[in-house]
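Enquirer:
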Amino acid sequence: MNSAPFKMSLRNLSRNKRRNVATGFAIALGFSSALVLGGFMHQAENRMRAFTIYGSRTGHIAIYKKDGLVSYEGNPKKYSLNPLDLAALERITAGMSQIQMQGPEMVGQGLVSNGCQSTPFFATAIDPQLDWKVQQHPYNLEWNGELVNLARGRELWEYPDDATVMAISSPIASFLHKDKPGDPPEPSAKVAAIDCQAADATDKLAADLTVQLAANAWNGRLSGIDADVVANMRTSNPLYEGGFVRLPFKHLQRLYETKNATSYSIWLKDNDHVPETVALIEAKTKAAGLNLDVYAWDDKRLSPYFNGTMQFCNMLAWFTAAILASIVILSVFNSATMTVIERGSEIGMMRSLGFTRRRVRVLFVIEMTMIAAISMAAGGLIGVVSFFFVNRAGIALRLPGMVEGMTLRLAVNPQIVLLSATLIFVLAIFASLLAVWAVAKNGIAALVSGSHR
Amino acid sequence: MSNAAPAPSDQAIVVLSNLVKSYQLGQTVVPALRGLNFRVNRGEFTAVIGASGSGKSTLLNMIGCIDEPESGSIQIDGIEVTKLDDNAKSQLRNRKIGFIFQSFNLIPVLSVEENVELPLLINADVTAAERKERVKQAISDVALGKFSKNLPDQLSGGQRQRVAIARALAGNPDLVLADEPTANLDSENSHKIIDLMLQLNAQRHVTFLFSTHDERLMDRVSKMVHIQDGVIRA
């Protein structure tokens, strides 16, 4: 056949305009909704990935002492990486070109005090210069940039290596009256002991940046260090928000009087080679006789929050996608069924002229293809406009389990666009084919006479 | 241009033997053809007459390969069509048979020439140039040249049926089947359509077989068969 079927199909669009517009609207709405949903999921997944790998300093790969992930808290000395482990890991990973950066991390608990009031803390520690590289990674800035910024003050990496500085979460800062962080004063300018009962105690506490950290050292003794609060921060995680502090790795080591580390994090150059790098490191650590556990960043045991959130989001997305697909398929099927039944005698006439069933089906499929193509172009336009307005509106995004601080930013993912377009297109064609299939199977005489079903 | 019919040849274009067909209407089986035997020779202009429900349309549907008999034989130009599959029947209809329907059955979004061109589009043996020529000739034969770009709804009933005749003839069929072609037309247009069919029968030597119950037309045909209760009466 030549271009005649296309010409005929195009002209047929002008018949039953209202029905075709309704069908097209269903397809356009389905496609634009799929784009918006895909845009939401794309940004949610990237934000969560960036937050987990960079924001939480987990790395693409995290290495713990055997069973350390679960048992570290109960017995940190036994389940932490000792200097021999850390040195071996540095040797093993030294020649691996896919690794961009790496380093030890430590977490711990204790009490933080302003001299008058104390509150429990949960601390994470990493070398500030490594942290700078991690936080300034382009992928992290793109997706997690809103959370990188401190609420107040300056980042730890901006201070000399030996400065005992720390960042504390805003709730602790408020509780301890350390919510006006600044640069540490010269030692000679430090405030003397504060009378907690004095009327001006609060002002004096606010003017003094120093806090005291106390904890049980791993050798069993009670240990304490002073640190200056140079920043207030947001954790974005409500579980830790009330008691979270961050300080340089070597100072937390000093607090616990250890040379060990909780874990060893590795950041790769991209997100694509995690499983094979995990396998390689596992093999190398085993060969070196190290008793370690190696985790990929998205391992459910290491990142239950990422996995739980994404599972929840994916479930919602698939459920919504299924509803959208049902709306599209039912709308198209309903419309196509009415059209082919109405045009039964026309189908019969074409069959009597020698058109095979296949040719008749192709004609209707071309017609639906045109409706789908036009509708999807319109749907794409609606999607683009929706993206523009949603992103411009600055809607606060609250992913499950996260505190505020993020803005909804729909992001175009070409793969999702292509997948949505293909899916909606195939569904529309399938629905129209389903409708014309049954009618075209009717006897020609019945079709011509209009007695078909 | 003469209206005289050509002398029918002895070569049969249609041969039906012991054709049986019935329809199921709810719980009732209604016989339509009861062992019908029938023969149409090449070049004949034949009217099938009979009361409503006598089996005229069923007979034409069987000959046109758009309905299937329960038993019996249908030969079109020597081909046993009951043994053909659906695609082969489609090809046979396209190459050998032209259809004219009571309600014209034109595609409303196509112009006159596009409607006439329709059966040729699926005939791979016809080139684009030949197709164009045949369409032009068919439209000229039915005297609709100046309406070739018009859409069907811009034409009268008689003109629409002439378009249907042009479409039926465009494929150069051996046989044209017309089921009550004048049923939706007034008396004047009915006569014009029959005249046109007679004229084309004479000019092109195409075999015409049409059903009618319009008594005004019966004296215009060279051969008339009467069908009653699913069999041909003498």
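If you read the protein sequences in the order shown, they are chains A and B.
Heads up: the first sequence begins at 434 in my numbering, then just goes up one per residue.
Heads up: the second sequence begins at 12 in my numbering, then just goes up one per residue.
The beta carbon of each residue, even a glycine, is placed where N, CA and C say it ideally should be.
Treat the numbers as computed from the prediction; the structure is a model and nothing was measured.
For the region 578–644 of chain A, list the beta strand (DSSP E) runs that are entirely contained and at least 3 residues long, ordered along the chain.
Expert: Correct list: 598–602.
Enquirer: If you follow the beta strand (DSSP E) that A/Trp-700 is part of, which residue opens it and which one closes it?
Expert: 696–701 is the span of the beta strand (DSSP E), which, as asked, contains A/Trp-700.
Enquirer: In angstroms, rounded to a whole number, what distance separates the CA positions of A/Met-534 and A/Asp-705?
Expert: The straight-line gap from Cα to Cα measures roughly 16 Å.
Enquirer: Have a look at A/Thr-635 and A/Met-666 and give me their C-alpha separation to the nearest angstrom.
Expert: Their Cα atoms are separated by approximately 21 Å.
Enquirer: Is the closest heavy atom of the ligand HEM to the C-beta of B/Gln-86 under 7 Å?
Expert: Absent from the structure shown: the ligand HEM. Ligands present: none.
Enquirer: Does the CB of A/Ala-878 have a neighbour CB from chain B at under 8 Å?
Expert: It does; some Cβ of chain B falls within 8 Å.
Enquirer: State the beta-bridge partners of B/Val-26 as determined by DSSP.
Expert: In DSSP, B/Val-26 forms a bridge with B/Arg-50, B/Gln-86.
Enquirer: Within 8 Å of any Cβ in chain A, is that where the Cβ of B/Leu-121 sits?
Expert: Chain A, which has a Cβ nearer than 8 Å to the Cβ of B/Leu-121, makes this yes.
Enquirer: Quick one: measure Cβ to Cβ for A/Thr-718 and A/Ile-849, integer angstroms, because I've assumed they're closer than 8 Å.
Expert: Wrong, their Cβ atoms sit about 37 Å apart, outside the cutoff.
Enquirer: Using a Cβ cut-off of 9 Å, which residues of the region 210–230 of chain B contact any Cβ in chain A, in chain order?
Expert: Answer set for the region 210–230 of chain B: empty.
Enquirer: Would DSSP call A/Phe-788 helix, strand or coil?
Expert: Coil, per DSSP.
Enquirer: Kindly list, in the order they appear in chain A, the residues whose Cβ is closer than 7 Å to that of B/Asn-98.
Expert: Under the 7 Å cutoff, chain A gives Thr-789.
Enquirer: Along chain A, which residues have their Cβ under 8 Å away from the Cβ of B/Gln-22?
Expert: Under the 8 Å cutoff, chain A gives no residues; its nearest Cβ is about 23 Å from B/Gln-22.
Enquirer: Using a Cβ-Cβ cut-off of 7 Å (strictly less than) and excluding sequence neighbours within five positions of B/Asp-152, which residues of its own chain qualify?
Expert: The answer, listed in chain order, is Ala-177, Leu-180, Leu-211.
Enquirer: Please name the residue or residues paired with A/Lys-498 in a DSSP beta bridge.
Expert: DSSP output for A/Lys-498 lists A/Leu-725 as bridge partner(s).
Enquirer: Can you confirm whether A/Ala-873, when its beta carbon is compared against all beta carbons of chain B, has any partner nearer than 8 Å?
Expert: A/Ala-873 does not count as touching chain B.
Enquirer: Mind checking B/Tyr-34: buried by the 16 CB within 10 Å criterion, or exposed?
Expert: B/Tyr-34 is exposed by the Cβ-count criterion.
Enquirer: Out of A/Phe-821, A/Arg-842, A/Phe-822, which has the shortest C-alpha to C-alpha gap to A/Arg-831?
Expert: Measuring from the Cα of A/Arg-831, the nearest candidate turns out to be A/Arg-842.
Enquirer: What does a CB cutoff of less than 7 Å around A/Ser-884 pick up in its chain, not counting 5 residues either side in sequence?
Expert: Closer than 7 Å at the Cβ level, and outside the excluded window around A/Ser-884, lies no residue.
Enquirer: Quick one: what's B/Val-59 bridged to in DSSP?
Expert: In DSSP, B/Val-59 forms a bridge with B/Ser-222, B/Val-236.
Enquirer: Which residues of the region 57–75 of chain B have a Cβ closer than 7 Å to any Cβ of chain A? Give them in chain order.
Expert: Here the close residues are Asn-72, Gly-75.
Enquirer: When the Cα of A/Thr-456 is compared with those of A/Ile-760, A/Ala-606, A/Tyr-497, A/Asp-661, which residue comes out closest?
Expert: For the residues A/Ile-760, A/Ala-606, A/Tyr-497, A/Asp-661, the minimum Cα distance to A/Thr-456 belongs to A/Ile-760.
Enquirer: For B/Pro-192, which residues from the same chain have a beta carbon less than 7 Å from its beta carbon, with the 5 sequence-adjacent residues on both sides left out?
Expert: These residues qualify, in order along the chain: Ile-111, Gln-113, Gln-172, Ile-204, Phe-221.
Enquirer: Under 7 Å, CB to CB, which of the residues in the region 100–115 of chain B have a partner in chain A?
Expert: Hits within the stretch, in order: Ser-101, Gln-102, Arg-104, Asn-105, Phe-110, Phe-112.
Enquirer: Report yes or no: is there a C-beta of chain A within less than 8 Å of the C-beta of B/Asp-78?
Expert: Yes - at least one Cβ of chain A is within 8 Å of the one on B/Asp-78.
Enquirer: Would you say A/Val-881 faces chain B, with C-beta separation under 8 Å as the test?
Expert: At least one chain B Cβ lies under 8 Å of A/Val-881.
Enquirer: Quick one: which residues of the region 128–147 of chain B get their C-beta closer than 8 Å to a C-beta of chain A? List them in chain order.
Expert: Taking 8 Å as the Cβ-Cβ cut-off against chain A, the residues of the region 128–147 of chain B that qualify are Glu-128, Leu-129, Pro-130, Leu-132, Ile-133, Asn-134, Ala-139.
Enquirer: So, does the CB of B/Ile-243 fall closer than 8 Å to a CB anywhere in chain A?
Expert: Chain A contact via Cβ: absent.
Enquirer: For B/Ile-90, which option in B/Met-229, B/Arg-145, B/Ala-149, B/Val-25 has the closest C-alpha, if you only look at C-alpha atoms?
Expert: Nearest of B/Met-229, B/Arg-145, B/Ala-149, B/Val-25 to B/Ile-90, Cα basis: B/Val-25.
Enquirer: Give the secondary structure of A/Glu-715 by DSSP, where H, G and I count as helix, E and B as strand, and everything else as coil.
Expert: It is helical.
Enquirer: In the DSSP assignment, what are the bridge partners of A/Thr-557?
Expert: In DSSP, A/Thr-557 forms a bridge with A/Val-540, A/Arg-679.
Enquirer: Please report the Cβ distance between B/Lys-67 and B/Ile-238, rounded to the nearest whole angstrom; I am assuming they are in contact, meaning their Cβ atoms lie under 8 Å.
Expert: With a Cβ gap of about 6 Å, B/Lys-67 and B/Ile-238 count as contacting.
Enquirer: Taking just the CA atoms, how far does A/Ala-721 sit from A/Ser-489?
Expert: For A/Ser-489 and A/Ala-721, the distance between alpha carbons rounds to 29 Å.
Enquirer: Shorter than 8 Å from the beta carbon of B/Ile-118 to some beta carbon of chain A?
Expert: Interface residue, yes.
Enquirer: With 16 other CB atoms within 10 Å as the buried threshold, where does A/Pro-553 fall?
Expert: So A/Pro-553 ends up on the exposed side.
Enquirer: Would a check of beta-carbon distances place A/Arg-792 closer than 8 Å to chain B?
Expert: Answer yes: the Cβ-Cβ gap between A/Arg-792 and chain B drops below 8 Å somewhere.
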